[in-house]
Ligand SMILES: CC(C)(COP(=O)(O)OP(=O)(O)OC[C@H]1O[C@@H](n2cnc3c(N)ncnc32)[C@H](O)[C@@H]1OP(=O)(O)O)[C@@H](O)C(=O)NCCC(=O)NCCS
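Now the structure itself:
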C-alpha cells in the first residue's frame, strides 16, 4: 500500500503506511500497554508472510497505532491484532484502520473477515458490531490469562 494521509471521522489527521522493521519497538510498547498476547518474533513472522497486511499509524513522526491482518487457510481475512496508543484512543483511528483493512481484503478478492475479542472488551466489541461484524461463536480460555473470546465475522 502507498502511504496515505487521512482525516478520521473525529478530525484527527494521520498517516497510514505499511510496517517497517524499525517500527517494532513502538509496536511492542503499544501492544504491551493494550495487553495483547503477541510477541515481537511473531509479529516479524506475520510481516514476512504478508507485508501488505501489517499497517502502522503515524502522527508527528511517531507510531501511535498498528493493525495486523492475516489470511486464514480457508481463504478468509482475520484481524490478528489492532491497538491504539492509549493517548490517542476514541479519536477514530481504530475505525479508520478497520476500513483500510476491509478495502485491502476486498482488493484481494476476500469475502469474509473474522476476529476474536475478549469477553470483557466491550469497547472493541461495540466498534466491531457498528462496522457490521456479527457474533458467530465463543472460544473458552482463548487468552493466556484464561479469558474467553467472542468470535466475530463480517461479510466484505
Ligand atoms: C479497540 C481500539 C483499537 C479502538 O480504537 P480507537 O481508535 O480508540 O476507536 P475509535 O476512536 O475509532 O472508536 C470507534 C468506536 O469504539 C467505541 N469507543 C471508542 N472509545 C470508547 C470509549 N472510551 N468508551 C466507549 N466506547 C468507545 C465507540 O463505539 C466508537 O464509536 P464512535 O466513533 O461512534 O464513537 C482501542 O480502544 C484499543 O487500542 N484498545 C486496546 C487494544 C484492544 O482492545 N484491541 C482490540 C483487541 S480485539
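Numbering (the numbering used here), first residue to last: 1 to 156.
From the three backbone atoms N, C-alpha and C, an ideal C-beta is built for every residue, glycine too.
Being a predicted model, the structure only gives us computed values, none of them experimental.
With a threshold of 16 other CB atoms inside 10 Å of the CB of residue 101, please say whether the residue is buried or exposed. By the Cβ neighbour-count rule, residue 101 is buried, with 16 or more other Cβ atoms within 10 Å of its own.
Which value, in whole angstroms, describes the spacing of the CA atoms of residue 4 and residue 80? Roughly 22 Å separates the two Cα atoms.
Count the C-beta pairs between the region 81-98 and the region 119-132 that are closer than 8 Å, then say yes if the count reaches three, no if not. Segments in contact, yes.
Report the CB separation of residue 16 from residue 57 in whole angstroms; it is logged as a contact under 8 Å. Between residue 16 and residue 57 a beta carbon distance of about 6 Å is seen, short of the 8 Å cut, so the two are scored as contacting.
Would you tell me roughly how many angstroms separate the C-alpha atoms of residue 108 and residue 73, rounded to the nearest one? If I take the Cα positions, the gap works out to 15 Å.
Suppose contacts are defined by Cβ-Cβ distances below 9 Å. Is residue 128 in contact with residue 105 by that definition? No, the Cβ-Cβ distance between residue 128 and residue 105 is not below 9 Å.
Hey, residue 156 and residue 112 are a contact pair by Cβ (cut 8 Å); roughly how many whole angstroms apart? With 8 Å as the limit, residue 156 and residue 112 qualify as a contact, their Cβ atoms being about 6 Å apart.
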